[in-house]
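*Asks:* Can you read through this structure? Questions will come right after.
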Amino acid sequence: MPIIAAIPDEERQLMRKEAQQTHDKNHARRLIAMLMLHQGMTVTDVARLLCAARSSVGRWINWFTLHGVEGLKSLRPGRAPRWPVADILQLLPLLVQRSPKDFGWLRSRWSTELLALVINRLFDVTLHRSTLHRYLRQADMVWRRAAPTLK
1 MPIIAAIPDE ERQLMRKEAQ QTHDKNHARR LIAMLMLHQG MTVTDVARLL CAARSSVGRW
61 INWFTLHGVE GLKSLRPGRA PRWPVADILQ LLPLLVQRSP KDFGWLRSRW STELLALVIN
121 RLFDVTLHRS TLHRYLRQAD MVWRRAAPTL K
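If you're matching positions, the sequence shown starts at 1 in the numbering used here and goes up one per residue.
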């Protein structure tokens, strides 16, 4: 009795092609494991040939049966963004066009600290000025330090 459901010929060809062309070798390994299981190999044999644990092969089988080929793809590295980055990137050019005086500050130029304070207040987040500096670079906004103003 086969371990996984029968895979159509077209899908098998796409899986082989994807395994050969992908730069993610873990994804290729999972695809090859499914193709080997489709040929009738046992989980133990597949695990031994691919230098993987049997439990890993079992997990790959579950992913494949639940989500198909898409379930075998690797997740993006790192954690998901914590802040609403897209909203902040849309708001940054609008904020910089206006003066800090419009928001009740006694300054004539923006600084990253001041921008961070305004964004923190608007979005109810705790964004650090260095993170905001990264976002400014993402938005292709050149940033220099605010010049001191004398009264």
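Cβ atoms here follow ideal geometry from the backbone N, Cα and C, with glycine treated the same way. Owing to the predicted nature of the structure, the values given are computational and were not obtained by experimental measurement.
Assuming V43 contacts R59 under a Cβ cut-off of 8 Å, what Cβ separation, rounded to an integer in Å, is found between them?
*Replies:* Wrong, their Cβ atoms sit about 11 Å apart, outside the cutoff.
*Asks:* Comparing C-alpha positions only, which one of V57, M34 and G71 sits nearest to W63?
*Replies:* The residue with the shortest Cα to Cα distance from W63 is G71.
*Asks:* For the structure I just gave you, are there three or more beta carbon pairs, one from the segment 84-95 and one from the segment 119-126, closer than 8 Å?
*Replies:* yes
*Asks:* For the candidate residues A6, R98 and A116, whose alpha-carbon lies nearest to that of R109?
*Replies:* R98
*Asks:* Do I4 and M15 have their beta-carbon atoms positioned less than 9 Å apart in this structure?
*Replies:* no
*Asks:* Can you list, in chain order, the residues of its chain with a C-beta nearer than 8 Å to that of E11? Leave out the 5 residues immediately preceding and following it.
*Replies:* V69
*Asks:* Does the beta-carbon of M34 have 16 or more other beta-carbons within 10 angstroms, so that it is buried, or is it exposed?
*Replies:* buried
*Asks:* Taking only three categories from DSSP, how would you classify W60?
*Replies:* helix
*Asks:* Would DSSP call S111 helix, strand or coil?
*Replies:* S111 falls in the coil class under three-state DSSP.
*Asks:* Between the C-alpha atoms of A47 and Q13, what's the straight-line distance to the nearest angstrom?
*Replies:* 22 Å
*Asks:* By Cβ distance, which residues of its chain are closer than 7 Å to S74, with the 5 residues on each side in sequence left out?
*Replies:* Answer for S74: D24, N26 and H27, listed in chain order.
*Asks:* Count the other C-beta atoms from every protein chain shown that fall within 10 angstroms of the C-beta of R121, then say buried if there are 16 or more, exposed otherwise.
*Replies:* exposed
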